[in-house]
Amino acid sequence: MPEACFIRSPLLEKHGFHGIFSLRNGGVSQAPFASLNLADNTGDNPDNAEKNLNILLCKAGLNSMPHRALQIHGQRILNCRGAGKMHPQQADILLSEDGSPVAVRVADCTPILIADPLNKRCVAVHAGWRGTAQTVAAHAIEALQKAGGNPQTFIASIGPCIGLCCFEIGEETAAALSLCCDKAAKHMTQRNGKYFADLAAINAQQLQKSGMQRQHIECIGGQQENCTCCHAAQFFSYRRDGQRSGRHLAIVAAKTAA
Ligand SMILES: [Zn+2]
Numbered sequence: 496m497p498e499a500c501f502i503r504s505p506l507l508e509k510h511g512f513h514g515i516f517s518l519r520n521g522g523v524s525q526a527p528f529a530s531l532n533l534a535d536n537t538g539d540n541p542d543n544a545e546k547n548l549n550i551l552l553c554k555a556g557l558n559s560m561p562h563r564a565l566q567i568h569g570q571r572i573l574n575c576r577g578a579g580k581m582h583p584q585q586a587d588i589l590l591s592e593d594g595s596p597v598a599v600r601v602a603d604c605t606p607i608l609i610a611d612p613l614n615k616r617c618v619a620v621h622a623g624w625r626g627t628a629q630t631v632a633a634h635a636i637e638a639l640q641k642a643g644g645n646p647q648t649f650i651a652s653i654g655p656c657i658g659l660c661c662f663e664i665g666e667e668t669a670a671a672l673s674l675c676c677d678k679a680a681k682h683m684t685q686r687n688g689k690y691f692a693d694l695a696a697i698n699a700q701q702l703q704k705s706g707m708q709r710q711h712i713e714c715i716g717g718q719q720e721n722c723t724c725c726h727a728a729q730f731f732s733y734r735r736d737g738q739r740s741g742r743h744l745a746i747v748a749a750k751t752a753a
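Throughout, this note's numbering is defined as the position within the sequence shown, counted from one, plus 495.
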């Protein structure tokens, strides 16, 4: 049996949305991008990245291209609707006004997919430590709320990312993260004089602080079994493989619009 090329979010699925986190298997790229690399700015052949995107969409049952943007570890929002494409704008929050697919590229950073089932809107968020420190998840909730939604009814899935086991950070990063929400310090540890952070858990805290209900937040990332750095067979990892690491895509879309 061929290996799976993505993980589907059970929670988003239950509420009428596709929530897709790609894995590294099933694509056409050669090492070090083998094989389902989904970014064309990593040194991989852009044709392969394009082919890989089509493979993923086909296997996941999505008929439309996702909206993507230039990610800069910030908190800027891009509003999207209709046919998806790679936008020239810089944004780490892609808000779909009509449920059409929106996506972020990650390799260790935390992908967060959020849906507003009552209004059929959804958001893809790229939250590395810089974005997390800038409360990018809270900004995403605020944007969905401004569009007319109620956070009490939102659903979120936090995807595979680097775990507490491997995400070693410096003292300054630890200090910046500890300021981003009340309980962030609870999700950092010190081992042998070094600091480690659980980005998935810190982002879950931010979502709750923004008004979401705990039972509406699914954490696929943050567990060691889904740590991108620990599991080279399943995941790309910037921390492990450096600049020439492939990238995953996390996609969210209303089923009626995809
Ligand atoms: Zn790990």
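Cβ atoms here follow ideal geometry from the backbone N, Cα and C, with glycine treated the same way.
**Request:** Compute the Euclidean distance between the alpha carbons of residue 554 and residue 624, then round it to the nearest angstrom.
**Result:** For the purposes of this step, residue 554 is taken as the residue at position 59 of the sequence shown. For the purposes of this step, residue 624 is taken as the residue at position 129 of the sequence shown. The straight-line gap from Cα to Cα measures roughly 31 Å.
**Asked** Measuring CA to CA, which of 564, 565, 569 and 518 is closest to residue 547?
**Response** Residue numbering aside, residue 547 sits at position 52 when the sequence shown is read from its first letter. Considering only alpha carbons, the answer is 518.
**residue 569 CB to nearest heavy atom of ligand 1 below 7 Å** = The sequence position of residue 569 within the sequence shown is 74, counting from 1. Not under cutoff, so the answer is no.
**Prompt:** Taking 7 Å as the cut-off, does the CB of residue 716 come closer than this to any heavy atom belonging to ligand 1?
**Reply:** The residue given as residue 716 occupies position 221 in the sequence shown. Not so, every heavy atom of ligand 1 lies at least 7 Å from the Cβ.
**Prompt:** Ends of the beta strand (DSSP E) at residue 606?
**Reply:** Start at 1 with the first residue of the sequence shown, and residue 606 comes out as number 111. Here the beta strand (DSSP E) through residue 606 covers 605 to 611.
**Same chain, Cβ closer than 8 Å to residue 690, five either side skipped, listed in chain order** = In the sequence shown, the residue the question calls residue 690 occupies position 195. Contacts found: 663, 664, 665, 666, 668, 669, 683 and 684.
**Prompt:** Which residues in the same chain have their Cβ closer than 7 Å to the Cβ of residue 661, if we skip the five residues on either side of it in sequence?
**Reply:** Residue mapping note: residue 661 aligns to position 166 of the sequence shown, counting from 1. Answer for residue 661: 722, 724, 725 and 734, listed in chain order.
**Request:** Spatial neighbours of residue 642 within its chain, please: CB distance less than 8 Å, with the 5 preceding and 5 following residues excluded, ordered by chain position.
**Result:** One-based indexing of the sequence shown puts residue 642 at position 147. Excluding sequence neighbours, residue 642 sits near 590, 592, 611, 614 and 616.
**Message:** Can you tell me whether residue 647 is buried or exposed? The criterion is at least 16 other CB atoms within 10 Å of its CB, across all chains shown.
**Reply:** Numbered from its first residue, the sequence shown carries residue 647 at position 152. It is exposed - the Cβ of residue 647 has fewer than 16 other Cβ atoms within 10 Å.
**Item:** Extent of the continuous beta strand (DSSP E) to which residue 684 belongs
**Value:** Within the sequence shown, residue 684 is the residue found at index 189, counting from 1. Here the beta strand (DSSP E) through residue 684 covers 683 to 686.
**Request:** Indicate the three-state DSSP secondary structure (helix, strand or coil) for residue 559 in the structure shown.
**Result:** The residue you call residue 559 lines up with position 64 of the sequence shown. Residue state, collapsed to three classes: coil.
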